[in-house]
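So for the sequence shown, the numbering used here puts the first residue at 4; every next one is plus one.
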Amino acid sequence: MNKDSIKSIFPKENSIPSEFHIQEIQQKEYLVNGEIRIWDGKFHDVYSPVKLSSDIELYSKKLGFYPLLSEKEATEILQSAKNAYNNGSGEWPTMSVEKRIMCLETFVSKMKEKRKEVVNILMWEICKSYADSCKEFDRTVEYIIDTINAVKELDRSSSRFTIEQGIIGQIRRAPLGVVLCMGPFNYPLNETFTTLIPALIMGNTTIFKPAKFGTLLFQPLLKAFQESFPKGVVNTLYGEGHVVVPPLLSSGYVDVFAFIGSASVANSLQKLHPKPNRLRSVLGLGAKNPAIILKDADLDLTVRECVLGSLSYNGQRCTALKILFVQKSIADEFISKFTEAVSKLKLGMPWESGVNITPLPENNKTESMKSLIDDAISHGAKVINPDGGVSHESIMIPAVLYPVNSKMKIYSVEQFGPIVPIVVFEDISEPIQHIIDSDVGQQASIFGRDPEVIGKLIDPLVNQVSRLNINSQCQRGPDSFPFTGRKDSAEGTLSTGDALRVFSIRALVAAKVEEINKELLTSITRERKSNFLNTDYIF
Ligand code: G3H
């Protein structure tokens with residue numbers, strides 16, 4: 004792809020393969036208090052980042068619309084979640100773990116039936132390639148199944164009594180209350196569910212607000228939510244964030260705020276809670292993950308991992324490699340191999356097989372990318388790959404910037420898009436200082452072979468970032484591994500196991516070892532009088 008051919012990149016509607024055609028999604032419904040309510044107020048029209056070409060001009064493909072609820076409906080939705088929790092006495096928070104698992108199993112089987120529909124909408128709404136959209140769906144299903152297995156394991160390990168210092172106790176985990184889940188546009192299904200599902204299974208009641216892009220894809224799942232859970236346990240909130248979210252936080256009735264997005268939005272919302280000590284936050288925020296490429300690195304492997312790490316889904320991953328530091332003696336060779344690999348990436352529409360670079364969903368994203376490129380150029384960098392940074396409407400040929408230095412915005416700003424800045428270093432202290440000075444600290448990658456050098460880097464770097472990847476790109480998965488960050492990158496740890504802890508609190512029932520208590524506890528467990536206090540083993 005070059006600056007001439009990019010002009011004809013957008014297809015005519017009749018050239019799109021029929022299996023990827025999409026019907027307009029007229030989403031008038033939202034889920035509250037177990038009812039699918041029809042909204043008759045304002046709607047938000049959703050257009051795809053994919054433009055279509057008529058004989059005369061390009062036009063935006065309308066995908067459908069969703070409700071723009073007002074503060075009044077947001078408050079009703081909150082009330083619904085609050086009623087379902089009912090101060091911990093609701094059906095859901097007091098239900099046995101086994102029964103909650105059954106609800107989740109019902110949901111996941113209904114969700115699987117909607118795979119084709121959800122994947123197609125996901126692809127059209129955020130322009131994630133068809134292959135990656137399928138992966139996002141399947142990974143989410145797997146996440147739910149793994150969460151169910153993790154909760155069984157947790158329940159089994161707490162299904163017995165402990166006697167210590169003359170006290171009998173049973174220690175389990177209990178829910179926290181009403182959870183508000185807000186996911187990001189780049190993994191709208193997966194990241195929303197990685198907080199929603201553990202929150203649910205631990206007995207919380209939930210409100211989820213889809214991201215600004217990646218909203219319609221939940222429409223096929225509304226009925227599945229309605230049919231799988233008791234009323235009020237799952238509620239959906241649609242609308243402009245600044246209208247519908249602040250009233251929830253300022254009410255003081257949100258107990259857990261699970262948010263993946265920018266630190267500034269998270270902070271302004273957290274501050275609204277009138278009783279800050281009661282609010283738990285689970286946050287996934289910004290990152291500027293660096294790759295440090297040492298002089299003895301295996302260059303073919305490094306180039307492969309760095310291209311994948313920096314440009315898969317156009318660099319729109321919180322875990323993406325957002326700056327590459329290359330040791331001077333191998334810089335020329337690395338740069339030539341890297342730019343060659345970047346120029347082989349296929350630009351195109353998300354349904355095309357083997358496509359790597361697709362249209363960008365955020366408004367004016369190519370303009371904001373261009374301004375970062377211009378700023379770097381004004382401080383001495385060049386775009387070193389052919390036609391890098393050339394854009395047409397919503398799509399952009401990735402730009403490899405070199406040599407990048409600390410005066411440029413791209414040195415510290417998170418681009419979240421198709422720009423790869425490369426810095427040359429002589430002494431390892433430079434990339435390390437970048438990591439130390441950074442406001443974020445999610446992950447880093449080191450490429451090299453010398454155990455002496457890498458071993459010495461591991462010890463300080465694991466105290467700066469939360470995951471250090473050796474000869475591998477940064478990434479979240481596998482989902483059983485802890486996913487977190489230091490500094491402004493995150494609060495709380497998510498993994499299939501850790502998330503269960505984040506959305507619950509240890510709670511125990513204890514009694515002095517007296518005959519009366521032994522008899523009482525025996526009869527409660529034997530006659531199954533309590534869902535919390537029990538010795539059942541879930542198979
Ligand atoms: O955007 C952040 C995602 O959680 C990254 O996940 O590393 O598996 O692409 P990933």
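Glycine is no exception: its CB is placed at the ideal position from the N, C-alpha and C atoms.
Asked                                                                                                                                                                                       : Found
Can you tell me whether Tyr414 is buried or exposed? The criterion is at least 16 other CB atoms within 10 Å of its CB, across all chains shown.                                            : buried
Kindly list the residues whose CB is nearer than 8 angstroms to the CB of Ile438, restricted to its own chain and excluding five residues on each side of it in sequence; keep chain order. : Pro293, Gly444, Ala447, Leu464, Gln467 and Val468
Please list, in chain order, all residues of the same chain as Asp258 whose beta carbon is under 8 angstroms from its beta carbon, the five residues on each side excluded.                 : Leu179, Gly180, Val181, Val182, Asn207, Arg281, Leu282 and Arg283
Have a look at Gly37 and Lys113 and give me their C-alpha separation to the nearest angstrom.                                                                                               : 17 angstroms
What's the gap between the Cα of Val111 and the Cα of Ile200?                                                                                                                               : 10 angstroms
Can you list, in chain order, every residue whose CB sits closer than 6 angstroms to a heavy atom of the ligand G3H?                                                                        : Asn189, Tyr190, Glu194, Arg320, Cys321, Thr322, Gln478, Arg479 and Gly480
Based on the DSSP output, what are the partners of Pro403 in its beta bridges?                                                                                                              : It is Val, not Pro, that sits at residue 403 in the sequence shown. Answer is Val423.
Between which two residues does the beta strand (DSSP E) holding Ser56 run?                                                                                                                 : Phe46 to Ser56
Strictly by DSSP, which residues pair up with Arg531?                                                                                                                                       : DSSP output for Arg531 lists no bridge partner at all.
Where do the ends of the alpha helix (DSSP H) carrying Tyr146 lie?                                                                                                                          : Tyr133 to Ser160
Thr342 and Lys131: beta carbons closer than 9 angstroms?                                                                                                                                    : no
Suppose only complete runs of 4+ residues qualify. What are the alpha helix (DSSP H) ranges in the stretch 234 to 317, listed by chain order?                                               : 244 to 247, 249 to 254, 266 to 273 and 302 to 314
Determine contact between the stretch 228 to 242 and the stretch 142 to 157, defined as no fewer than three beta-carbon pairs at a distance below 8 angstroms.                              : no
Does the stretch 44 to 63 come close enough to the stretch 257 to 275 that 3 or more CB-CB pairs lie under 8 angstroms?                                                                     : no
Hey, out of Tyr146, Asp442, Val403 and Phe428, whose CA is closest to Glu417's CA?                                                                                                          : Asp442
With a cut-off of 8 angstroms on the beta carbons, I'd call Glu455 and Lys331 a contact; round off their distance for me.                                                                   : Going by Cβ atoms, the distance from Glu455 to Lys331 rounds to 20 angstroms, so no, they are not a contact pair.
Quick one, are the C-beta atoms of Ile425 and Ile326 less than 9 angstroms apart?                                                                                                           : yes
Assuming Met185 is part of the beta strand (DSSP E), what are its boundary residues?                                                                                                        : Val181 to Met185
Run through the stretch 409 to 467 for me and flag every whole beta strand (DSSP E) of 3 or more residues, listed as ranges in chain order.                                                 : 422 to 428 and 446 to 450
So the alpha helix (DSSP H) Ile100 belongs to, where does it begin and stop?                                                                                                                : In the sequence as displayed, the identity of residue 100 is Val instead of Ile. Per DSSP, Val100 belongs to the alpha helix (DSSP H) from Val100 to Glu116.
Starting from the Cα of Asp268, find the closest Cα among Pro277, Gly287, Pro279 and Lys278 and give me that residue.                                                                       : Note that residue 268 is Val in the sequence shown here, rather than Asp. Residue Gly287 is the option with its Cα nearest to Val268.
What would DSSP say about Asn359, mapped onto helix, strand or coil?                                                                                                                        : coil
Taking C-alpha atoms, which residue in Leu240, Val236, Val237 and Leu275 lies nearest to Pro249?                                                                                            : Leu275
Can you tell me whether Thr218 is helix, strand or coil according to DSSP?                                                                                                                  : coil
For my contact list, Asn189 and Tyr316 are in at a C-beta cut-off of 8 angstroms; report their separation, rounded to the angstrom.                                                         : 7 angstroms
Of the residues Gln168, Lys521 and Tyr69, which one's Cα is nearest the Cα of Tyr33?                                                                                                        : Tyr69
Do Gly235 and Val100 have their C-beta atoms within less than 9 angstroms of each other?                                                                                                    : no
Return the residue from the list Met185, Leu324, Leu225 and Ser136 that minimises the CA-CA distance to Pro353.                                                                             : Ser136
Looking at the structure shown, is Glu128 part of a helix, part of a strand, or coil, going by DSSP?                                                                                        : helix
Would you call Thr525 buried or exposed, if buried means 16 or more other Cβ atoms sit within 10 Å of its Cβ?                                                                               : exposed
Following the continuous beta strand (DSSP E) through Leu81, name the residue where it begins and the one where it ends.                                                                    : Per DSSP, Leu81 belongs to no beta strand (DSSP E); it is in the alpha helix (DSSP H), Glu74 to Tyr88.
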